[in-house]
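Have a look at the structure below before the remarks.
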Amino acid sequence: MQSLANISEIVANFNCNADTASLKSFGSGHINDTYFLKNNDAIGADYLLQRINHYIFTNVPALTDNMCLVIDHLKVKVNATDPAKADKEVMTLIPGRDGKYFYQDKNGDYWRLCHFLSDTKSYDVVETEKQAFEGGKAFGKFQCMLADLNPTLLYEVIPNFHNISTRLAALQSAVEEDIKGRVNAVKTQLDLISQYAEAMQYFQQPEQQALLPKRVTHNDTKFNNVLLDSNDEAQCVIDLDTVMPGYVAYDFGDAIRTIINTTVEDEADMDKIQLNFALFNAYTQGYLKEAARFLTEVEVNSLIMGVLLLPYMQAVRFLTDYINGDTYFKIKFDGHNLQRAKAQLRLFELLQADKDHLHNTIIKQTESIK
Ligand code: GN1
Ligand code: MG
40 MQSLANISEI
50 VANFNCNADT
60 ASLKSFGSGH
70 INDTYFLKNN
80 DAIGADYLLQ
90 RINHYIFTNV
100 PALTDNMCLV
110 IDHLKVKVNA
120 TDPAKADKEV
130 MTLIPGRDGK
140 YFYQDKNGDY
150 WRLCHFLSDT
160 KSYDVVETEK
170 QAFEGGKAFG
180 KFQCMLADLN
190 PTLLYEVIPN
200 FHNISTRLAA
210 LQSAVEEDIK
220 GRVNAVKTQL
230 DLISQYAEAM
240 QYFQQPEQQA
250 LLPKRVTHND
260 TKFNNVLLDS
270 NDEAQCVIDL
280 DTVMPGYVAY
290 DFGDAIRTII
300 NTTVEDEADM
310 DKIQLNFALF
320 NAYTQGYLKE
330 AARFLTEVEV
340 NSLIMGVLLL
350 PYMQAVRFLT
360 DYINGDTYFK
370 IKFDGHNLQR
380 AKAQLRLFEL
390 LQADKDHLHN
400 TIIKQTESIK
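To convert, count from 1 in the sequence shown and add 39; that's the numbering used here.
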């Protein structure tokens, strides 16, 4: 069991019945800290407690408003078709005693509590086509249910989060400062990034921005952010910290980044990084089954650019953090961010080599649904 000095103080501030002695670390997030807590009542739902990283999420009240807006919208939608599913398919935040959905403790840390969804699983690496298909359905349905929520109502939690031009500028500053003297050792990676910098700024081009609608997007659609039930069927999309206005291709691309890869995000052995086309097809099928009804033709055509951009941008972000001395992403060992960047660049190169095939698959699948 783990301990947090002020766990009793934190829990006392929420309307809950949590057993503080049962506290244990949970999940594999790179930003927030997540803990599991049992319910004192054996038949009551257990809890997940999260310390929100407020150095990264600098406006927790506004972030929480975004989450509540999205959660309420989703619950109304699910309730209308199947009320029994509203609390299974959509996460439930627990209010604090003051009615707010977060609590700031005496150290200045921010906490939130939600119900733990029992009999669910998440996967860091996808194993079967069924899992991929169900994940696609979950994220497609998520976007579809939010398609009528005005994105301008959402606060931009992290400005320019998926703006590759800004990310490249941050990398450039890190290289110029080189505070840890790490730049010399990463020249190969920097060269590869420069080679594709122009092509990857597709979503920043004014002509694309004029054609592509901004929607409410999730912005962190790693496969482990969808919970599947015990039959590997889609149940719930989680980790709503970054819901904000964005392009659908970002969410499609970030999901594919973790699905098509035969291994983990931070794989050390480059030969193990391969593309699994069967899983790509299955995810795309599940996604389009839900999303084809609202996507415009321009959006469908942009999906492949998301598939290329997200691993590329992830490599830029990991490499920037490595050069800056690992201040953003949690790391497990020295050089972890560099290893992550190398793995994402390898994945990017493989996707780049097969982009026409992947694009044609997306188009064919869309045509067969419409
Ligand atoms: C971070 O914390 P986590 O693991 O959900 C990051 C995402 C990255 C991801 C890479 C706010 O998400 O953007 O894609 O790591 N979240 C933030 O695994 O930067
Ligand atoms: Mg996240």
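Note that the Cβ used here is the ideal one computed from N, Cα and C, for glycine as well.
Please determine whether the Cβ atom of aspartate 259 lies at a distance below 6 Å from any heavy atom of the ligand MG.
Position 220 of the sequence shown, counting from 1, holds the residue named residue 259. Between the ligand MG and the CB of aspartate 259, the shortest heavy atom gap is smaller than 6 Å.
Do valine 355 and arginine 206 have their C-beta atoms closer together than 7 Å?
By 1-based counting over the sequence shown, the position of residue 355 is 316. By 1-based counting over the sequence shown, the position of residue 206 is 167. In this structure, arginine 206 lies closer than 7 Å to valine 355 by Cβ.
The ligand GN1 heavy atoms versus the CB of glycine 68: any closer than 6 Å?
For the purposes of this step, residue 68 is identified with residue 29 of the sequence shown, where counting begins at 1. For glycine 68, the distance from the CB to the nearest heavy atom of the ligand GN1 is below 6 Å.
Express the C-alpha separation of glycine 175 and alanine 414 in angstroms, rounding to a whole number.
Residue 414 is absent from the model: the chain starts at 40 and stops at 409.
Is any heavy atom of the ligand MG found at a distance shorter than 6 Å from the C-beta of aspartate 85?
Counting from 1 along the sequence shown, the entry for residue 85 is found at position 46. Aspartate 85: no, Cβ never under 6 Å from the ligand MG.
Over what stretch of residues does the beta strand (DSSP E) that includes serine 64 continue unbroken?
On the sequence shown, position 25 is the one that residue 64 refers to. DSSP places serine 64 in the uninterrupted beta strand (DSSP E) bounded by 57 to 64.
Among Leu377, Asn320, Tyr289, Asp148, the one whose alpha carbon lies nearest that of isoleucine 91:
Numbered from its first residue, the sequence shown carries residue 91 at position 52. Nearest C-alpha to isoleucine 91: Asp148.
Sub-7 Å separation of isoleucine 232 and phenylalanine 262 beta-carbons:
For the purposes of this step, residue 232 is taken as residue 193 along the sequence shown, with counting starting at 1. For the purposes of this step, residue 262 is taken as residue 223 along the sequence shown, with counting starting at 1. No, the Cβ-Cβ distance between isoleucine 232 and phenylalanine 262 is not below 7 Å.
Would you check if the distance between the CB atom of alanine 213 and the CB atom of isoleucine 70 is smaller than 7 Å?
Start at 1 with the first residue of the sequence shown, and residue 213 comes out as number 174. Start at 1 with the first residue of the sequence shown, and residue 70 comes out as number 31. No. Outside cutoff.
Do glycine 292 and glycine 345 have their C-beta atoms within less than 7 Å of each other?
Here residue 292 refers to the residue found at position 253 of the sequence shown. Here residue 345 refers to the residue found at position 306 of the sequence shown. A contact, by the Cβ cut-off of 7 Å.
Span of the alpha helix (DSSP H) holding threonine 359?
For the purposes of this step, residue 359 is taken as the residue at position 320 of the sequence shown. It spans 336 to 362 - the alpha helix (DSSP H) in which threonine 359 sits, taken as one unbroken run.
Please tell me whether, using a cut-off of 6 Å, the distance from the CB of alanine 238 to the nearest non-hydrogen atom of the ligand SAM is below it.
This structure does not include the ligand SAM; its bound ligands are the ligand GN1 and the ligand MG.
Residue from Asn258, Leu279, Gln313 whose Cα sits closest to the Cα of alanine 294:
Residue numbering aside, residue 294 sits at position 255 when the sequence shown is read from its first letter. Among Asn258, Leu279, Gln313, the Cα nearest to that of alanine 294 is on Asn258.
With a threshold of 6 Å, establish whether the CB of aspartate 278 neighbours any heavy atom of the ligand MG.
Position 239 of the sequence shown, counted from the start, is the residue given in the question as residue 278. Under cutoff, so the answer is yes.
Nearest-angstrom beta carbon gap, isoleucine 203 and leucine 348 [assumed within contact, 8 Å]:
Against the sequence shown, residue 348 aligns to sequence position 309. Against the sequence shown, residue 203 aligns to sequence position 164. Indeed, because the Cβ distance is near 6 Å, the residues count as touching under 8 Å.
For aspartate 160, which residues does DSSP report across the bridge?
As a position in the sequence shown, residue 160 is number 121, starting the count at 1. According to the sequence displayed, residue 160 carries lysine and not aspartate. According to DSSP, which records beta bridges pairwise, lysine 160 is partnered with Leu267.
CB of cysteine 153 within 7 Å of CB of leucine 87, strictly:
Mapped onto the sequence shown, residue 153 falls at position 114. Mapped onto the sequence shown, residue 87 falls at position 48. Less than 7 Å separates the beta-carbon of cysteine 153 from that of leucine 87.
Apart from the five residues on each side of it in sequence, which residues of its chain come closer than 8 Å, Cβ to Cβ, to glutamine 248?
Looking up residue 248 in the sequence shown gives position 209. Taken in chain order, the residues that qualify are Phe242.
Give every residue of the same chain whose Cβ lies closer than 6 Å to the Cβ of isoleucine 408, excluding the five residues on either side of it in the sequence, and list them in chain order.
The residue labelled residue 408 in the question sits at position 369 within the sequence shown. Here the set comprises Leu327, Ala331.
I want to know whether the segment 157 to 177 touches the segment 51 to 65 - three or more CB-CB distances under 8 Å.
Not touching, per the Cβ criterion.
Closest Cβ-Cβ distance between tyrosine 194 and chain B: below 7 Å?
The displayed structure is made up of one protein chain only, and chain B is not part of it.
Put arginine 379 into one of helix, strand or coil per three-state DSSP.
To locate residue 379, count along the sequence shown from 1; it is residue 340. Residue state for arginine 379 is assigned as helix, using DSSP reduced to three classes.
Using C-beta distances below 7 Å, list every residue in its chain close to threonine 405, excluding the 5 sequence neighbours before and after it, in chain order.
Locating residue 405 in the sequence shown gives position 366, counting from the first residue. Correct list, in chain order: Leu327, Ala331, Val339.
Contained beta strand (DSSP E) runs [length at least 3] in the segment 114 to 175, N- to C-terminal order
Runs found: 149 to 154.
Backbone CA spacing between proline 122 and threonine 131 [nearest angstrom]:
As a working note, residue 122 is residue 83 in the sequence shown. As a working note, residue 131 is residue 92 in the sequence shown. So the alpha carbons of these two residues sit roughly 14 Å apart.
Report, in whole angstroms, the separation of the C-beta atoms of leucine 193 and leucine 108, which I expect to be a contact under 8 Å.
Reading the sequence shown from its first residue, position 154 is the one you call residue 193. Reading the sequence shown from its first residue, position 69 is the one you call residue 108. A Cβ-Cβ separation of about 7 Å places leucine 193 in contact with leucine 108 under the 8 Å criterion.
Helix, strand or coil, according to DSSP, for glutamine 391 in the structure here?
As a first step, residue 391 must be located in the sequence shown, where it is residue number 352. It is helical.
Between the C-alpha atoms of phenylalanine 96 and asparagine 78, what's the straight-line distance to the nearest angstrom?
Looking up residue 96 in the sequence shown gives position 57. Looking up residue 78 in the sequence shown gives position 39. Between the alpha carbons of phenylalanine 96 and asparagine 78 lies a distance of about 28 Å.
So, helix, strand or coil for proline 245, using DSSP?
On the sequence shown, residue 245 is found 206 positions in, with the first residue counted as 1. In the structure shown, proline 245 sits in a helix (DSSP, three-state: H, G or I).
Can you list, in chain order, the residues of its chain with a C-beta nearer than 6 Å to that of lysine 219? Leave out the 5 residues immediately preceding and following it.
The residue labelled residue 219 in the question sits at position 180 within the sequence shown. Apart from the 5 residues on each side of it in sequence, lysine 219 sits with its Cβ closer than 6 Å to the Cβ of Gly364 in its chain, given in chain order.
My output table needs one value for valine 50: the three-state DSSP class, helix, strand or coil.
By 1-based counting over the sequence shown, the position of residue 50 is 11. Correct three-state label for valine 50: helix.
Rounded separation between arginine 385 and lysine 226 - CA only
Here residue 385 corresponds to residue number 346 of the sequence shown, with the count starting at 1. Here residue 226 corresponds to residue number 187 of the sequence shown, with the count starting at 1. Computed Cα separation, rounded: 15 Å.
Considering just the uninterrupted stretch of the beta strand (DSSP E) at isoleucine 91, what are its terminal residues?
The residue given as residue 91 occupies position 52 in the sequence shown. Taken as a continuous stretch (DSSP letters only), the beta strand (DSSP E) holding isoleucine 91 covers 86 to 91.
Rounded to a whole number of angstroms, what is the C-alpha to C-alpha distance between tyrosine 351 and isoleucine 277?
As a position in the sequence shown, residue 351 is number 312, starting the count at 1. As a position in the sequence shown, residue 277 is number 238, starting the count at 1. Straight-line Cα distance between these residues: approximately 24 Å.
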